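**Student:** Please find one structure pasted underneath; my questions will follow.
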Amino acid sequence: MHNTDESNSIYTLFNLAGVATAYVMLGLSIWLSDVPLSTKGFWGMGVFLLTLSLVNLVKYRIDDRAKADRIRQLEAARDDKLLSEFVSEKAA
């Protein structure tokens, strides 16, 4: 289990480095582009809002998956309890 956490942190670090590199390259290209400053600001706001939307999308998908897993675990525990009660009643 510890190896899985370590490999996940390595992948997370690698992805974080990729995102940081992409933002630096995007910022540099916006800075060096030959357009008015207002257009650069508009592009920057667009990138920021797109990033915010993607982070929220991923967060809500993870929350939905965790909720579904939790419900599945509760249903399995309930079924196990009902089955064990049924078996103990039959034995008595």
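For the record, in the sequence shown the residue sitting at position 50 is 50 according to the UniProt record's numbering, with numbers rising by one throughout.
All C-beta atoms, glycine included, are put in the ideal place defined by N, C-alpha and C.
These figures come from a predicted structure and were not determined experimentally.
Would residue 55 and residue 26 be called neighbours here (beta carbons separated by less than 8 Å)?
**Tutor:** No.
**Student:** Thinking C-alpha only, which one of 18, 40, 17 is nearest residue 28?
**Tutor:** Among 18, 40, 17, the Cα nearest to that of residue 28 is on 40.
**Student:** To the nearest whole angstrom, what separates the beta carbons of residue 30 and residue 44, a pair I think is in contact under 8 Å?
**Tutor:** Indeed they touch by this definition, with Cβ atoms about 6 Å apart.
**Student:** In angstroms with no decimal places, state the Cα-to-Cα distance between residue 33 and residue 14.
**Tutor:** Cα to Cα, the separation comes out at about 28 Å.
**Student:** How many angstroms separate the CA atom of residue 69 from the CA atom of residue 23?
**Tutor:** When rounded, the distance between both Cα atoms is 34 Å.
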